[in-house]
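Visitor: Protein chains in written order, with our numbering: chain B, 7 to 244; chain C, 35 to 280.
The beta-carbon is built from N, C-alpha and C at its ideal position, and this holds for glycine as well.
Here it is, the structure, as structure tokens.
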């Protein structure tokens, strides 16, 4: 579904991604983990077409995502910082892009928005503005907003890192629902329990390269003292 | 006391005269148009300042440096007296409009730029992954948020423009000041004529201030929705009581 070939990317002379190769098939649930600065969020932003790349390429269903906006229009993304539009209500946040980008019929967009609000359990908050919502509620609206464009691939960039622990669960549950419906997802997260539960493929990045790429079920069988093993035991110390 | 009443009558007569009403309309027309043009040109300059292209950056910065650095009065007299030497002859109104708008744009550019750049990068990023192009992002995401920051200082500029418009009297535009001066030169009644003009200025300033407050309240969508929700709760409370009473 999405193919990343020999991708490199530097910021101010520092190489963030060094020759990343990755292919993700339809229906796969990929979790990317790794220490901060390993390039995992940058990789995700490249996959959404938000970053230019120095060399290599990314194709989605065979088409170069950097060529036109249309080629990446079925890739949705959710950010750590939610980034809801503060001047629009929850409902309007969800409806904006289908209205102005796809120019769909108002009635169809409205019905879909209501369905999505129901799906993220926020129907009663549809007329509230972002600042009237908790972080967890904002992130669930952000997920609904991305789903409103009917994406085939959803990218989640540390979706719960900015949340208080008691709100993490409600957001992970919603993502779990999206995954259950068969959506192809790529999730960058530090929540290892969640990663094991929803992911069927774990990618470990470090220093701008893919170090490990293993089925989730095989995670326990990794050789001791590998870099991934060290990373996981560090996570467990918290 | 009699003298005072005489002045009140005099001021009232001048204010309600056709010449002063026309002069007030002229002042208002020049103020509105010059500010409107200033905002439009200032927006383009702000985009230039924020552009990736250094040519546009330098052009915008050069413009701002030039027009902010020269007294408005000098610009006005230049347009009126110097341009005819190049064969460009404009009316007093046209000269004033051009000079005031060009000058205003330099100030508005800074105000609009600071408003636009206060909108976080995350907002643009979110708009882009939803498929919006640069124009759609500007129109539906960045501008509505920036306008809330731009309105208060623009209200200030507007009131400033009302007062600066009096400079148009030096190029023969029949605004409030020139009309008052001409009326006074016929009667030597400077007190009544100038006070009549002053009252018009103060009333316009008050109206602009009210308008600004109205726009600010209109744009605060969150507060507005809270007010609406409170109203709904209050209403449902009343109907709930009446139901239990019945």
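Helix, strand or coil: how does DSSP classify residue 278 of chain C here?
Guide: The count along the second chain starts at 1 and reaches residue 278 of chain C at position 244. Note on residue 278 of chain C: pLDDT 43, under 50, position unreliable in the model; no value is reported.
Visitor: Are the segment 211-231 of chain B and the segment 24-39 of chain B touching, with three or more C-beta to C-beta distances below 8 Å?
Guide: yes
Visitor: When we look at the beta-carbon of residue 2 of chain B and count the other beta-carbons within 10 Å, is it buried (16 or more) or exposed?
Guide: Past the edges of chain B, shown from 7 to 244, lies residue 2 of chain B, and the structure says nothing about it.
Visitor: For residue 17 of chain B, report the span of its beta strand (DSSP E) as first-last.
Guide: Working through the first chain from its first residue, we reach residue 17 of chain B at position 11. Per DSSP, residue 17 of chain B belongs to the beta strand (DSSP E) from 8-17.
Visitor: So with Cβ pairs under 9 Å, would you call residue 279 of chain C a contact of chain B?
Guide: Sequence index remark: in the second chain, residue 279 of chain C carries index 245 (1-based). Caution is warranted here: a pLDDT of 42 is assigned to residue 279 of chain C, below 50, making its placement in the model unreliable, and no coordinate value can be reported.
Visitor: Where does residue 160 of chain B sit, in a helix, a strand or coil, going by DSSP?
Guide: Start at 1 with the first residue of the first chain, and residue 160 of chain B comes out as number 154. Strand.
Visitor: Please look up how many angstroms separate the CB atoms of residue 155 of chain B and residue 92 of chain B, rounded, as I've assumed it's under 8 Å.
Guide: The sequence position of residue 155 of chain B within the first chain is 149, counting from 1. The sequence position of residue 92 of chain B within the first chain is 86, counting from 1. In fact, because the Cβ distance is near 20 Å, the residues do not count as touching under 8 Å.
Visitor: Assess contact between the segment 164-177 of chain C and the segment 196-207 of chain C, defined as three or more Cβ pairs (one per stretch) separated by less than 8 Å. Is contact present?
Guide: no
Visitor: Rounded to the nearest angstrom, what separates residue 79 of chain B and residue 244 of chain C at their Cα positions?
Guide: On the first chain, residue 79 of chain B is found 73 positions in, with the first residue counted as 1. On the second chain, residue 244 of chain C is found 210 positions in, with the first residue counted as 1. About 45 Å.
Visitor: What is the DSSP secondary structure of residue 53 of chain B, reduced to helix, strand or coil?
Guide: Taking the first chain and counting its residues from 1, the one referred to as residue 53 of chain B is at position 47. Looking at residue 53 of chain B - three-state DSSP - the assignment turns out to be helix.
Visitor: Does the distance from the C-beta atom of residue 153 of chain C to that of residue 179 of chain C stay below 9 Å?
Guide: One-based indexing of the second chain puts residue 153 of chain C at position 119. One-based indexing of the second chain puts residue 179 of chain C at position 145. Going by C-beta atoms, residue 153 of chain C is nearer than 9 Å to residue 179 of chain C.
Visitor: Looking at the C-beta of residue 166 of chain C, does it have a partner C-beta in chain B at a distance below 9 Å?
Guide: Residue mapping note: residue 166 of chain C aligns to position 132 of the second chain, counting from 1. Yes, its Cβ sits closer than 9 Å to a Cβ of chain B.
Visitor: For the segment 157-191 of chain C, which residues have a CB atom closer than 7 Å to at least one CB atom of chain B, in sequence order?
Guide: 157, 159, 160, 162, 163, 164, 165, 166, 167, 170, 174, 175, 178 and 179
Visitor: Let me know the secondary structure DSSP gives residue 54 of chain C once reduced to three states.
Guide: For the purposes of this step, residue 54 of chain C is identified with residue 20 of the second chain, where counting begins at 1. It is helical.
Visitor: Between B/46, B/87 and B/135, which has its C-alpha nearest residue 156 of chain C's C-alpha?
Guide: In the second chain, counting from the first residue as 1, residue 156 of chain C sits at position 122. Answer by Cα proximity: B/87.
Visitor: Between residue 45 of chain B and chain C, is the shortest Cβ-Cβ distance under 9 Å, so that the two count as touching?
Guide: Counting from one through the first chain, the residue named residue 45 of chain B turns up at place 39. It does not: the Cβ of residue 45 of chain B has no partner Cβ on chain C nearer than 9 Å.
Visitor: Which whole-angstrom value describes the C-beta separation of residue 143 of chain B and residue 153 of chain B, a residue pair presumed to lie in contact below a C-beta threshold of 8 Å?
Guide: Residue 143 of chain B sits at position 137 when you count from the first residue of the first chain. Residue 153 of chain B sits at position 147 when you count from the first residue of the first chain. About 16 Å separates the beta carbons of residue 143 of chain B and residue 153 of chain B, which is beyond the 8 Å limit, so they are not a contact pair.
Visitor: Taking the beta carbon of residue 15 of chain B as the centre, do at least 16 other beta carbons fall within 10 Å, making it buried, or is it exposed?
Guide: For the purposes of this step, residue 15 of chain B is taken as the residue at position 9 of the first chain. With 16 or more other Cβ atoms within 10 Å, it is buried.
Visitor: Decide if the segment 132-151 of chain C is in contact with the segment 59-75 of chain C; the criterion is three or more beta carbon pairs, one per stretch, under 8 Å apart.
Guide: Yes: at least three Cβ pairs fall under 8 Å.
Visitor: Between the Cα of residue 214 of chain C and the Cα atoms of C/47, C/251 and C/40, which residue gives the shortest distance?
Guide: Your numbering for residue 214 of chain C matches position 180 in the second chain. Selection C/47, C/251 and C/40 evaluated against residue 214 of chain C yields C/47 as nearest (Cα-Cα).
Visitor: Does residue 63 of chain B come out as helix, strand or coil in the three-state DSSP assignment?
Guide: The residue labelled residue 63 of chain B in the question sits at position 57 within the first chain. In the three-state scheme derived from DSSP, where H, G and I count as helix and E and B as strand, residue 63 of chain B is classed as strand.
Visitor: Throw me the rounded Cβ distance for the residue 95 of chain B and residue 133 of chain B pair, which I believe falls under 8 Å.
Guide: Here residue 95 of chain B corresponds to residue number 89 of the first chain, with the count starting at 1. Here residue 133 of chain B corresponds to residue number 127 of the first chain, with the count starting at 1. That belief holds up - the Cβ atoms of residue 95 of chain B and residue 133 of chain B are roughly 5 Å apart, short of 8 Å.
Visitor: Are the C-beta of residue 181 of chain B and some C-beta of chain C separated by less than 9 Å?
Guide: As a working mapping, residue 181 of chain B is identified with position 175 in the first chain. Look at residue 181 of chain B: its C-beta is not under 9 Å from any C-beta on chain C.
Visitor: Go ahead and pull the three-state DSSP assignment for residue 184 of chain B.
Guide: Reading the first chain from its first residue, position 178 is the one you call residue 184 of chain B. Note: residue 184 of chain B maps to helix in three-state DSSP.
Visitor: By a C-beta neighbour count over all protein chains shown, 10 Å radius and 16 as the cutoff for buried, is residue 277 of chain C buried or exposed?
Guide: Against the second chain, residue 277 of chain C aligns to sequence position 243. Since pLDDT at residue 277 of chain C reaches only 44, below the 50 mark, its modelled position is unreliable, and the value read off the structure follows with that caveat. Classification for residue 277 of chain C: exposed.
Visitor: What does residue 93 of chain B touch in chain C if you count any residue whose Cβ is under 7 Å from its own?
Guide: In the first chain, residue 93 of chain B corresponds to position 87, counting from 1. Ordered by position in chain C, the residues that pass the 7 Å Cβ test against residue 93 of chain B are 178, 179 and 255.
Visitor: Per DSSP, residue 213 of chain C is paired with what?
Guide: For the purposes of this step, residue 213 of chain C is taken as residue 179 along the second chain, with counting starting at 1. Answer is none; residue 213 of chain C lacks a bridge partner.
Visitor: Using a beta-carbon distance below 9 Å, is residue 275 of chain C in contact with chain B?
Guide: Within the second chain, the letter at position 241 stands for residue 275 of chain C. Bear in mind that the predicted position of residue 275 of chain C carries a pLDDT of just 45, short of 50, making it unreliable; the figure below should be weighed with that in mind. Not an interface residue.
Visitor: Could you check what DSSP says for residue 108 of chain B in three-state terms: helix, strand or coil?
Guide: Translated into positions along the first chain, residue 108 of chain B becomes position 102. Residue state, collapsed to three classes: coil.
Visitor: So residue 143 of chain C and residue 206 of chain C are supposed to be a Cβ contact under 8 Å. How far apart are they, rounded?
Guide: Within the second chain, numbered from 1, the residue matching residue 143 of chain C stands at position 109. Within the second chain, numbered from 1, the residue matching residue 206 of chain C stands at position 172. Not a contact, Cβ separation roughly 30 Å.
Visitor: Measuring alpha carbon to alpha carbon, tell me which of C/40, C/158, C/264 and C/210 ends up nearest residue 174 of chain C.
Guide: On the second chain, position 140 is the one that residue 174 of chain C refers to. Among C/40, C/158, C/264 and C/210, the Cα nearest to that of residue 174 of chain C belongs to C/158.
Visitor: What residues in the segment 124-143 of chain B bring their beta carbon closer than 9 Å to a beta carbon of chain C?
Guide: 133, 134, 135, 136, 137 and 138: these are the residues of the segment 124-143 of chain B whose beta carbon lies less than 9 Å from some beta carbon of chain C, given in chain order.
Visitor: With a 10 Å radius around its C-beta and 16 neighbouring C-beta atoms as the bar for buried, classify residue 42 of chain C as buried or exposed.
Guide: Residue mapping note: residue 42 of chain C aligns to position 8 of the second chain, counting from 1. Looking at its Cβ environment, which holds fewer than 16 other Cβ atoms inside 10 Å, residue 42 of chain C is exposed.
Visitor: Starting from residue 56 of chain B, find everything on chain C with Cβ-Cβ shorter than 7 Å and list it in chain order.
Guide: Start at 1 with the first residue of the first chain, and residue 56 of chain B comes out as number 50. Correct list: 159, 162 and 163.
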